[in-house]
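J.:
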Amino acid sequence: MSSAPITSISLQGKQVDILRLELEHPDVQGNKWYKLKYNLQFILDNGYKSIMTFGGVFSNHLHAIAGVCKENGIKAIAVLRGENDEENPTLKYLRSMDVECLFINREMYRMRNMPDFIAQLSAQFGNVYVLPEGGTNELAVKGCSEILQGLETKYDHILCAVGTGGTMAGIISTPGLTANVIGVSALKTDKDTISPVIRSFIPDNNTVDWKLYFDDKFGGFGQYHGLLHQYLDAFKTTHGILLDPMYTGKLMYKTEQLISSGELTGNRILCIHSGGLQGWEGWYYRYANKYNPQD
Ligand SMILES: *Cc1c(COP(=O)(O)O)cnc(C)c1O
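Residue numbering for the sequence shown follows my numbering, beginning at 2 and increasing consecutively.
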């Protein structure tokens, strides 16, 4: 059984269940624990002493890595897109957890998946386990295919937030899943580069029906948007659930839209709260001056 609690709320006149992964693990919250679980096992089984991975300067993934590595005596090297900022709360946390931070510019960061570039970067750290951006790889997908254990046949629609697509690929790969899966990407894009990633991780014989939406309302990944902030506040007041500002706010907003437009025809709906609450610190750090409750 999934160990996370489920909370039922009413949205646009329908009951919607929320799978509360954000309540599962204090430091390594939400989907990130599932993504790291088998990677960690692999690292420990194979005697790796260090791990190198990639992300932005407010990354939930890097935050999770910091906690897991500290707990397990593994050295973490974070390759960060952008510049150092001593006041950034996520970076402060990484440093407090002894993560080594390497900053690279955006052009270099584009090479993050190129084998030569990775080899060159990691050479200085010896025998290092390299985990791609967002922690998404086959072992991460395997971990995420366990998120719905015990819930495989209970729902018509399962909705999840999407970044790299690893979590959604895991959800789709859940053995025995009868629901369809709807992903809501936090990214705004004209070119869908995420669906091919998802497809590459799901077995060929998988028959789950799935669909991916992108952010067409809130200005793209990590951007401030008054309506989104207002929605997050209202959601907390109405339902008593704190969403995160990067991913799950957009997920729940889209869910409401899909219910009111009649696209979710079934009545058994599950949304996955994938955590990410550490993101609030960075959000306030960046946007405190923009935040106006009257927005
Ligand atoms: C990282 C994250 C996601 C996205 O996960 P992917 O596997 O990269 O798609 C979704 N929600 C939250 C809260 C996250 O922190």
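All residues carry an ideal CB built from backbone N, CA and C; glycine is no exception. Here the structure is a predicted model, which means the values were calculated and not measured.
At 4 residues or longer, what runs of the alpha helix (DSSP H) sit wholly inside the region 230-295?
T.: 249-261, 280-288
J.: From the DSSP output, which residues share a beta bridge with Cys161?
T.: Note: Cys161 sits in a beta bridge opposite Gly184.
J.: Could you tell me whether the region 27-37 touches the region 56-75, using the rule of 3 or more Cβ pairs below 8 Å?
T.: yes
J.: Please report the Cβ distance between Asn268 and Lys15, rounded to the nearest whole angstrom; I am assuming they are in contact, meaning their Cβ atoms lie under 8 Å.
T.: Right, their Cβ atoms sit about 6 Å apart.
J.: Given the structure, does Tyr232 come close to ligand 1, in the sense that its CB is under 6 Å from one of the ligand's heavy atoms?
T.: no
J.: So, with DSSP's three-state summary, where would you put Val58?
T.: coil
J.: Note down the Cα distance separating Pro6 from Ile270, rounded to an integer number of angstroms.
T.: 15 Å
J.: Mind the definition here: the region 51-63 touches the region 278-293 only if three or more C-beta pairs lie below 8 Å; say whether that holds.
T.: yes
J.: What do you reckon, is the C-beta of Gly164 under 6 Å from a heavy atom of ligand 1?
T.: yes
J.: With C-beta atoms as the reference, is Asp216 less than 7 Å away from Ala170?
T.: no
J.: Got a sec: does ligand 1 put a non-hydrogen atom nearer than 6 Å to the Cβ of Ser261?
T.: no
J.: Keeping to the same chain, check which residues put their C-beta closer than 8 Å to that of Val131; ignore five residues upstream and five downstream.
T.: Ile52, Met53, Thr54, Ile119, Ser123
J.: Please find out if some non-hydrogen atom of ligand 1 comes closer than 6 Å to the beta-carbon of Ser97.
T.: no
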